[in-house]
Amino acid sequence: MVSNNPFRPSFGSSPAVLAGRDDEVGDFTYGLLAGIGSLQRAVLISGPRGVGKTVLLNAFEEQAKANGWVVVRATANKKLEEKLTNTALPKALEQLDYTANEPGRKVSGISVAGIGSISTENQPSEVVPTIETRLRELVVAVSEQGAGVLITIDEMQAAPIDQVAALATAIQDVLRDDLDIAFAAAGLTKGIEELLEHDGTTFMRRADRIELGPISDEAVAEVLTTTIRNNGKDIADDALKSAVSLIQGYPFLVQLVGAMVWLESERANTDLITEELIDKVEPTVVSQMGRQIHSVALKHVPPREMEYLFAMAEISAESGEKAVATGQVAKHLGAAANSLSMARRSLIERDLIQAPSFGLVEFRLPHLREYLLR
Numbered sequence: 401m402v403s404n405n406p407f408r409p410s411f412g413s414s415p416a417v418l419a420g421r422d423d424e425v426g427d428f429t430y431g432l433l434a435g436i437g438s439l440q441r442a443v444l445i446s447g448p449r450g451v452g453k454t455v456l457l458n459a460f461e462e463q464a465k466a467n468g469w470v471v472v473r474a475t476a477n478k479k480l481e482e483k484l485t486n487t488a489l490p491k492a493l494e495q496l497d498y499t500a501n502e503p504g505r506k507v508s509g510i511s512v513a514g515i516g517s518i519s520t521e522n523q524p525s526e527v528v529p530t531i532e533t534r535l536r537e538l539v540v541a542v543s544e545q546g547a548g549v550l551i552t553i554d555e556m557q558a559a560p561i562d563q564v565a566a567l568a569t570a571i572q573d574v575l576r577d578d579l580d581i582a583f584a585a586a587g588l589t590k591g592i593e594e595l596l597e598h599d600g601t602t603f604m605r606r607a608d609r610i611e612l613g614p615i616s617d618e619a620v621a622e623v624l625t626t627t628i629r630n631n632g633k634d635i636a637d638d639a640l641k642s643a644v645s646l647i648q649g650y651p652f653l654v655q656l657v658g659a660m661v662w663l664e665s666e667r668a669n670t671d672l673i674t675e676e677l678i679d680k681v682e683p684t685v686v687s688q689m690g691r692q693i694h695s696v697a698l699k700h701v702p703p704r705e706m707e708y709l710f711a712m713a714e715i716s717a718e719s720g721e722k723a724v725a726t727g728q729v730a731k732h733l734g735a736a737a738n739s740l741s742m743a744r745r746s747l748i749e750r751d752l753i754q755a756p757s758f759g760l761v762e763f764r765l766p767h768l769r770e771y772l773l774r
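In the numbering used here, each residue carries its 1-based index in the sequence shown increased by 400.
(1) Taking residue 595 and residue 451 to be in contact with their CB atoms under 8 angstroms, please state how far apart those CB atoms are, rounded to whole angstroms.
(2) Along the chain, where does the alpha helix (DSSP H) that runs through residue 457 open and close?
(3) Between residue 729 and residue 711, is the Cβ-Cβ spacing less than 7 angstroms?
(4) I'd like to check one pair, residue 752 with residue 725: are the Cβ atoms closer than 7 angstroms?
(5) How many angstroms separate the CA atom of residue 750 from the CA atom of residue 704?
(6) Which residues bound the alpha helix (DSSP H) around residue 714?
(7) Would you report the Cα separation of residue 415 and residue 734, rounded to the nearest angstrom?
(8) Let me know if residue 495 comes out buried or exposed under the rule of 16 or more other beta-carbons within 10 Å of its beta-carbon.
(9) Locate the alpha helix (DSSP H) running through residue 609, then write down its first and last residues.
(10) Tell me whether residue 615 sits in a helix, a strand or coil according to DSSP, three-state version.
(11) Under DSSP, the alpha helix (DSSP H) around residue 543 begins and ends at which residues?
(12) Should residue 698 be flagged as near chain C, meaning a C-beta pair shorter than 7 angstroms?
(13) With the cut-off set at 7 angstroms, would you say residue 548 and residue 573 are in Cβ contact?
(14) With DSSP as the reference, please indicate the residues paired to residue 434 in a beta bridge.
(15) On a Cα-Cα basis, can you pick out the residue from 456, 742 and 571 that is closest to residue 423?
(16) Give the range of the beta strand (DSSP E) segment to which residue 446 is assigned.
(17) If I'm right that residue 717 touches residue 727 with Cβ under 8 angstroms, what's the distance once you round it to whole angstroms?
(18) My guess is that residue 535 and residue 582 are in contact by the Cβ rule of under 8 angstroms, so how many angstroms apart are they, rounded?
(19) So residue 678 and residue 639 are in contact, right, with Cβ under 8 angstroms, and what is the actual spacing, rounded?
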C-alpha cells in the first residue's frame, strides 16, 4: 500500500516540520503578546525565491489565530484596496457575528470559503466606505472581544505602490488610536525596497525586517529525519549526509528532495532511504530547481547582468571554488572592474548573488552555476 508523501514542495504549502525559523516565529508571537507599540507587530519578510517567505508568513498567521487574533489576507494585485474594502474586511466582520447599527445599510451577499464576495447596498446619502473606515470598523469590533487584527500580504512586490501606501496609511491611522493591529508582509528583496521608496510607505520603513537566508545543515538534517521517521520510514546516515549536501540549506529543496526520495523509496518498496536513492533523484532535483526557481529568477535579468552571471559560473567551475573574485569576473569579460559595479549591485538586489567578503561574489541560489552551464 502506498503511503502519503509527508513532504510538500509546492509553493506556499506549509511543511509538516518548519525548519530553522523558531526565532522568527517566537519574536513575532512575543510582539503580539507584548502589546501595542511592539516593534514585532509590523514585519517585512524578504529573500530569494524558495527560501520560505510564504511558509514563515503562514506560521505568523497561525500564531495570531492561536492567540485569538483575526487574520485578514490582502491580495497583492491591482485590486488589493478594492478587495480589502469590499470583500475581505466586511467578510471578517460577518465572521465575528458583528452587525453595525447603521441606518440604510444591509449586507446583501456573503462569501463562503473565500468564494464570491460580500457587498453592501448603500442608500444615496450613505458615505462610501474606504479601506480606512472598513479597517477601523473591524479593529474596533475585534478589540471589543479582547483581540486584535493581523493584516498579511504575500508577494508584496506585485502590489501597486499607491494601494500599498493606502493600506499603510489606514494601518497607521488605527495605530494612532492605540488599537490592536499588526501587519506582516513577504516579498522579494528588490521589490520590497522599491515599495519602501514611495513617500506613502513611511510606516512600513519602520517595520522589523527579516531577511531570510539558508538554514543550517543541522536544521536540514533534523527536518528530514523527523519528517521521515514520524511517517514510518528511516534514513541511513550516509544518505542523510548526501541529502544535506544536495539541499545546501535551501528550504524549498528540503521539501523537494524529501518528496522525491520518498517517492523513490515507495517505488523500491523499502522503508529505508539509502544514499543510492539520494543519488538517483539528484539530477531530477537540480532540473526541477532550474525550472521552478532559476528560470523565473532570471526572466527579467538584462543581458549585461547575464554576462556577469555566466562569467561567474565559468570561473567557479574552473576553480572549483564557490566564491569568485570580482577582478576575475572583470578580466573574464575584458572590462574594467569599476564598470561592472552597477551590474554586481543589481544582481545582489535581485537575490541572485551575494558578497561573502570584500572583493568576492558567489551565487545565492543553490545549483544556479550548474543551471547556467547546462
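We put the beta carbon where it would ideally sit given N, CA and C, even for glycine.
So, from the listed chains and residues:
(1) 19 angstroms between Cβ atoms; not a contact.
(2) 453 to 466
(3) yes
(4) For the 7 angstroms CB-CB criterion, residue 725 and residue 752 do not form a contact.
(5) 14 angstroms
(6) 703 to 719
(7) 46 angstroms
(8) So residue 495 ends up on the exposed side.
(9) No alpha helix (DSSP H) holds residue 609; the beta strand (DSSP E) holding it covers 608 to 611.
(10) Coil at residue 615, not helix or strand.
(11) 531 to 543
(12) In summary, chain C is missing from the structure at hand, where a single protein chain is found.
(13) no
(14) DSSP output for residue 434 lists no bridge partner at all.
(15) The option with the nearest alpha carbon to residue 423 is 456.
(16) 442 to 446
(17) That pair is no contact at about 18 angstroms.
(18) The Cβ separation is near 12 angstroms, so there is no contact.
(19) Residue 678 to residue 639, Cβ: 5 angstroms. Contact.
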